[in-house]
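Student:
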Amino acid sequence: MTKFLIFPCRLLKTAVTAAVITLLSLYGISQAARNQVEHRLEITLVPSEQKLIGRDLMRIEAGGLRELSFHLSNRARVKRILLNGEDRAVKFSNSEIILPVEVREHGRPVEVEIFYEAIFNDPVPVDPANVDNPGFGVTATITKQGVFLLSGAGWYPELKGSRATFRLAVKAPLNILAVTAGRSLGHKAIGETTVSEWLIEHPVEGLTLSAAAYEIHEQTAGDVIVSLYLFPESRPLAAAYMKAAADYVRFYSDLFGPYPFPKFAVVENFFPTGYGFPSYTLLGSSVLRLPFLIQTSLGHEIAHSWWGNGVYVDYDLGNWSEGLTTYVSDYLYKERESEAEAREYRLQAIRNYTMLAPPEADFPLSEFTGRVDPLSKAIGYDKGAMVFHMLRRAVGEQAFWTALRELYRSRVFLQTSWKDIQSIFETQSRMSLERFFDQWVFRKGAPQFYLENVRAFPGNGNWKIVAGLCQGPEQFNLNIDGLLECETSRTMHKIALSDDCTRLNLDCSSSPGRLALDPDFDLLRRLDPAEIPPAVNLLKSSPSALLVLPAGSANRLKTLAGTLALGLGLEEYRIVSEKDLEPELFSSRDIILIGMPMNEGLLPGMPAGMRLEKGGFTLGGRAYQNPSDAFFGVFRHPAREDRVVAVFHPLSMKDAGIVARKVTHYGKYSYVTFQGGENREKGFWPVESSPLIHEFATKKGAP
């Protein structure tokens with residue numbers, strides 16, 4: 072199973088990439104594999120010609136199949152096929168080999184040997200503008216810098232509907248080492264070549280291969296070999312990565328059970344990726360150097376060794392592994408720091424879901440298979456993580472962690488669905504979770520609830536608080552925390568809501584100050600627009616954006632506008648000159664002003680301390696006038712609460728293109744500033760209000 076890493080504010084992770092799922096489904100590969108295959112695969116890599124030469128001897132438990140159907144890339148040329156040692160003429164077209172099986176061969180294992188060669192030359196991204204789909208369209212490429220052959224790309228014959236074990240030997244030019252899943256049997260130099268051998272003992276649904284001129288660093292963490300395959304220039308990173316990887320393996324082994332593979336390897340890639348595969352992760356050179364990677368994303372990837380690569384996902388019934396892995400890595404690390412950090416993480420997950428998964432585009436978590444865009448990321452990762460948080464609160468601490476350990480123990484190397492997870496959690500908690508899974512997993516959307524008609528009445532030494540708690544337009548079964556702050560006390564109430572509205576009757580022994588529902592953001596919900604500070608993510612989900620260029624500089628800035636649109640992943644947008652801007656267009660679209668407009672009346676309202684001028688900008692009382700400075704900010708639209716106005720204000724063109732590509736990485740922020748193409752500041756505009764918070768006007772017992 073193949074995964075992409077998701078790194079905060081940039082590229083990357085899914086337990087099975089949508090790209091690979093698409094490849095598999097195109098060629099009819101069932102997610103519930105039936106036929107067992109043993110590969111003895113010999114590969115020769117010829118980077119100077121971008122060529123692969125292959126020989127695959129397969130032993131197949133074919134049952135009563137009348138024919139065997141293999142997927143092999145349409146870039147391949149089949150040279151010879153043998154069935155049980157006899158040459159066979161077969162049909163190979165549209166990436167499919169059809170091999171008839173004679174009656175006398177039915178019911179017993181057959182041996183198929185295929186000789187082939189192929190050219191793999193997908194163009195490799197060097198400085199991609201958009202990283203929302205971290206595959207970059209690269210499925211198979213062989214170059215002098217390195218080799219990347221993705222599972223499902225047809226670089227070896229793959230029997231449809233099968234899961235397979237492998238003994239793999241890769242012959243490459245001297246010092247070129249090949250890495251894949253499973254156990255290394257060693258790398259041997261033979262003359263002017265290096266042979267890398269691997270044994271994959273647990274059946275997998277596809278195999279990925281990487282190769283380059285690596286240095287190997289190794290140590291053990293218990294019974295697990297921790298390996299680094301790095302380029303020589305990355306040698307200074309080895310010690311930190313080695314310690315962190317070993318620590319994560321120990322941490323998750325204690326939390327869930329023994330690590331399921333013989334090794335974990337961090338492998339450097341020659342273009343900017345962040346993939347995860349069974350027992351290793353493949354990180355581009357620039358990705359390895361990201362400051363947050365060791366603290367969060369590496370642990371996320373290692374957690375996938377239990378969830379997604381250890382316990383398999385039944386993709387026909389939805390990918391649960393990204394939400395669970397995110398919860399027990401990215402979120403859990405924040406929780407271990409402090410409750411404040413954990414609360415902030417939950418709030419941001421809810422914001423991401425609200426901004427990136429609007430109702431008209433939303434779909435059930437059970438239909439998520441992998442990350443391909445901001446929408447799928449918001450559902451699979453952000454909503455998925457919040458569902459596991461709500462499940463933990465519903466069943467309790469002991470039942471939650473015990474259920475996860477049982478899920479791993481009983482389902483490792485087995486395809487597992489949301490229904491399997493539900494069953495195990497019901498057993499451990501002794502609760503029916505049918506309603507929980509129905510509304511959070513198998514149904515799309517999230518609740519919207521709010522307070523109304525909140526009133527306080529003084530009584531004999533105390534106060535009576537009455538209020539309506541309502542939801543709409545859809546109904547969910549909810550248990551909501553309600554925090555009532557009085558002058559001398561703070562009380563948390565549990566409030567059930569299943570109908571359109573319910574009535575609250577609460578007591579204060581002293582003057583009431585504040586009533587807040589779900590104050591710690593423990594429930595997934597759709598936030599009210601007033602609760603969401605304008606942010607870059609609102610542009611990334613824009614149905615129709617208008618990029619407006621200054622009247623006197625339209626031609627000069629058109630390329631920059633296109634780079635920004637590509638970086639943000641905009642699908643529907645127009646680039647217009649300020650002089651051609653029609654009022655009705657401005658009032659109905661998300662607007663991105665590129666540079667300072669001639670008509671400064673187009674600028675949105677600015678928060679206190681924020682000012683834009685032709686030669687600079689002021690933020691938080693600090694003036695920016697260096698030609699290498701740049702500002703990007705998102706503001707509320709003056710005409711519509713569901714639209715925004717953004718301003719991209721580079722003070723020169725020197726680094727503007729770099730900034731235009733980087734803005735997308737700061738999706739959760741309201742504003743970012745850059746100098747010389749590097750981020751200097753980022754932050755949020757103040758939140759205005761919330762329909763879940765009521766501030767009482769009473770003071771010291773007065774109404």
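Under our numbering, the residue at position 656 of the sequence shown is numbered 727, and the numbers go up by one with no gaps.
All residues carry an ideal CB built from backbone N, CA and C; glycine is no exception.
Can you list, in chain order, the stretches of the alpha helix (DSSP H) that have 4 or more residues and sit fully within the segment 707-733?
Tutor: Runs found: 727-733.
Student: What's the C-alpha gap between A284 and E173?
Tutor: So the alpha carbons of these two residues sit roughly 45 Å apart.
Student: Taking the alpha carbon of F484 as the reference point, which residue from L136, D385 and R574 has its own alpha carbon closest?
Tutor: Looking at the Cα atoms, D385 is the closest of the given residues.
Student: How should N524 be labelled, buried or exposed, when 16 other C-beta atoms within 10 angstroms of its C-beta is the threshold for buried?
Tutor: So N524 counts as exposed.
Student: Are the beta-carbon atoms belonging to L301 and L220 less than 7 Å from one another?
Tutor: It is not a contact, given that the beta carbons lie outside the stated cut-off.
Student: Quick one: residues in its chain with C-beta nearer than 6 Å to the C-beta of V512, no 5 flanking neighbours on either side, listed in chain order?
Tutor: Cβ neighbours of V512 beyond the five flanking positions: L436, S437 and W489.
Student: Can you tell me whether T210 is helix, strand or coil according to DSSP?
Tutor: Residue state, collapsed to three classes: coil.
Student: Starting from the C-beta of G747, find all residues in its chain whose C-beta is less than 8 Å away, skip the five residues before and the five after it, and write them out in chain order.
Tutor: Around G747: S699 and D726.
Student: Alpha carbon to alpha carbon, how far is I646 from K629?
Tutor: Answer to the nearest angstrom: the Cα atoms are 7 Å apart.
Student: Counting pairs of Cβ atoms below 8 Å between the segment 120-132 and the segment 227-243, do you hit three or more?
Tutor: Result yes; three or more Cβ-Cβ pairs closer than 8 Å.
Student: Which whole-angstrom value describes the C-beta separation of S324 and G293, a residue pair presumed to lie in contact below a C-beta threshold of 8 Å?
Tutor: Between G293 and S324 the Cβ distance is about 7 Å, and since that is below 8 Å, they are a contact.
Student: For K685, name the three-state secondary structure that DSSP assigns.
Tutor: Three-state DSSP puts K685 in coil, outside helix and strand.
Student: Looking only at its chain, what residues have a beta carbon closer than 8 Å to the beta carbon of P79, apart from the 5 residues adjacent to it on each side?
Tutor: A caution first: P79 carries a pLDDT of 34, below 50, which makes its placement in the model unreliable, though a value can still be read off. So the qualifying residues of the chain are F363, T367, S368 and D401.
Student: Between which two residues does the alpha helix (DSSP H) harbouring S659 extend?
Tutor: Here the alpha helix (DSSP H) through S659 covers P654 to S659.
Student: In the DSSP assignment, find the unbroken beta strand (DSSP E) run with E556 in it and report its ends.
Tutor: Its beta strand (DSSP E) spans residues L549 to C557.
Student: In whole angstroms, what is the alpha-carbon distance linking P244 and V117?
Tutor: The alpha-carbon atoms of P244 and V117 are separated by roughly 8 Å.
Student: In the DSSP assignment, what residue or residues form a beta bridge with D127?
Tutor: According to DSSP, D127 bridges with L112 and I185.
Student: Take G99 and list the residues in its own chain whose beta-carbon comes closer than 6 Å to its own, dropping the five residues that flank it on each side.
Tutor: Low confidence applies to G99: its pLDDT is 35, below 50, so where it sits in the model is not reliable enough to give any reading.
Student: Compare the Cα-Cα distances from I663 to each of G754, V607 and E372 and report the closest residue.
Tutor: Of the listed residues, the one whose Cα sits closest to I663 is V607.
Student: Check whether the segment 683-699 and the segment 592-605 are in contact - that is, three or more C-beta pairs closer than 8 Å.
Tutor: At 8 Å Cβ cutoff, the stretches do not touch.
Student: Ordered along the chain, which non-local residues of its own chain (more than five positions away) have a Cβ less than 6 Å from that of R238?
Tutor: R111 and L270, listed in sequence order.
Student: For D453, which residues from the same chain have a beta carbon less than 6 Å from its beta carbon, with the 5 sequence-adjacent residues on both sides left out?
Tutor: Cβ within range, chain order: A420, N423 and Y424.
Student: Count the other C-beta atoms from every protein chain shown that fall within 10 angstroms of the C-beta of I665, then say buried if there are 16 or more, exposed otherwise.
Tutor: Per the 10 Å Cβ criterion, buried.
Student: Using the Cα positions of I764 and S659, report the straight-line distance between them to the nearest angstrom.
Tutor: C-alpha separation (whole angstroms): 30 Å.
Student: If contacts are defined as beta-carbon pairs under 8 Å, then E31 and G455 qualify, I think. What distance do you get, rounded to the angstrom?
Tutor: For the chain, the structure presents residues 72 to 774; residue 31 sits outside this window and is missing.
Student: So for A456, helix, strand or coil by DSSP?
Tutor: A456 falls in the helix class under three-state DSSP.
Student: Could you check where the alpha helix (DSSP H) with K231 kicks off and where it finishes?
Tutor: No alpha helix (DSSP H) contains K231, which DSSP labels as neither H nor E.
Student: Can you list, in chain order, the residues of its chain with a C-beta nearer than 6 Å to that of R707? Leave out the 5 residues immediately preceding and following it.
Tutor: Correct list, in chain order: P605.
Student: Short of 6 Å in beta carbon distance, which residues of its chain neighbour T573, apart from the five on each side in sequence? Order them along the chain.
Tutor: Once the five neighbours on either side are set aside, the close Cβ partners of T573 are L540.
Student: Looking at S350: is its Cβ nearer than 7 Å to the Cβ of E339?
Tutor: Taking 7 Å as the Cβ cut-off, S350 and E339 do not qualify as a contacting pair.
Student: List the whole-angstrom C-beta distance separating K334 from S298, where the pair is believed to meet the contact cut-off of C-beta under 8 Å.
Tutor: Contact flag correct, Cβ pair sits at about 6 Å.
Student: Using only CA atoms, which one of A567, L446, Q546 and S409 lies nearest to P429?
Tutor: It is L446 whose Cα lies nearest to the Cα of P429.
Student: Is the segment 701-719 close to the segment 674-686, with three or more CB pairs under 8 Å?
Tutor: Judged by Cβ distances under 8 Å, the segment 701-719 makes contact with the segment 674-686, as three or more pairs qualify.
Student: Rounding to the nearest angstrom, what Cα-Cα distance links S164 and D433 in this structure?
Tutor: Each residue's Cα considered, the two are about 38 Å apart.
Student: Assuming W269 is part of the beta strand (DSSP E), what are its boundary residues?
Tutor: T264 to V275 is the extent of the beta strand (DSSP E) around W269.
Student: Using the three-state DSSP reduction, which class does D599 fall into: helix, strand or coil?
Tutor: Reduced to three states, the DSSP call for D599 is coil.
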